[in-house]
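According to the working numbering, the sequence shown is numbered sequentially starting from 2. The beta carbon of each residue, even a glycine, is placed where N, CA and C say it ideally should be. Computed from a prediction, not measured in an experiment: that's the story for all the values here.
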Amino acid sequence: MKKIHLTLAALFFLLFACSTEQKQDESEEGYEMEVEDLSKVDSKALYQEIDSLKKEAFASEELKISKAKMIVQILNRSNAKLDKEKKRTAKSAISKASRAKYSKSSFNNNEEVMQYDQRITEMITALNDLIDSVDDLDAQEETEMLLSEVSDANARDTFTRGYYNNAVKKWNKMTKDHKAKLEKENPEIKIAALDYFYGEAPL
2 MKKIHLTLAA LFFLLFACST EQKQDESEEG YEMEVEDLSK VDSKALYQEI
52 DSLKKEAFAS EELKISKAKM IVQILNRSNA KLDKEKKRTA KSAISKASRA
102 KYSKSSFNNN EEVMQYDQRI TEMITALNDL IDSVDDLDAQ EETEMLLSEV
152 SDANARDTFT RGYYNNAVKK WNKMTKDHKA KLEKENPEIK IAALDYFYGE
202 APL
């Protein structure tokens with residue numbers, strides 16, 4: 002009886018293993034079928050997408066700093082009694098973030114971009130502490146809305162940089178595998194590999 006159970010168990014295990022292996026093979030085949038054929042990609046549109054995403058990322062950094070400065074200006078003009086230490090900390094955080102802002106020549110430097118992101122986080126925290134201490138409700142509501150815009154922009158940056166890096170990864174692969182196609186579709190630019198945010202290609 003035990004031998005029969007063991008035989009049936011072994012048979013069941015064998016069938017299960019074969020079924021799992023088949024599903025895995027089908028899954029891998031499906032994945033391979035989903036790989037994009039870069040020879041059919043509109044490289045001109047791709048380049049325009051990359052340029053647009055890069056401009057969007059840099060514009061976002063300008064927006065965050067300018068909105069942060071506006072918050073302090075609004076609070077200064079209000080009738081609110083500001084905590085001097087928190088105001089000093091907020092203004093210092095804005096200055097540090099502004100100085101740490103990456104440029105077109107440093108956005109591919111992981112250390113510099115990460116340091117800038119840290120400065121922005123510190124700036125948002127300092128501004129939030131300052132706004133929370135304000136006793137003028139009108140000024141508080143107005144500046145909270147502005148700070149929300151800064152925080153939202155900061156959250157979007159991660160996605161913008163990610164979309165940019167994915168597009169650049171595609172472009173850079175095409176410079177190796179389909180350079181003639183790129184040259185034909187983009188005669189006005191010099192075909193070359195582009196830099197990634199953080200200096201690293203996405204997985």
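Going by DSSP, Phe160 is part of the alpha helix (DSSP H) stretching over Leu138 to Asp178. Remark: C-beta atoms of Lys170 and Ser44 do not approach each other more closely than 8 Å.
Closest in alpha carbon position to Ala94, among Leu64, Leu195, Leu128 and Leu54, is Leu128. Distance from the Cα of Ser40 is smallest, within the candidate group Ala202, Glu201 and Glu186, for Glu186. Tyr48 places its beta carbon 8 Å or farther from that of Val114. Annotation for Leu39: no alpha helix (DSSP H) segment contains it, and DSSP assigns it neither H nor E. Bounds of the alpha helix (DSSP H) holding Ala101 are Lys85 to Ala101. Comparing alpha carbon positions, the residue from Ala168, Lys102 and Phe108 closest to Arg120 is Lys102. For Ala193, the CB contacts under 7 Å within the same chain, skipping 5 residues up- and downstream, are Thr176 in chain order. Your pair Ser149 and Asp84 does not check out as a contact, with CB atoms roughly 21 Å apart and the cut at 8 Å.
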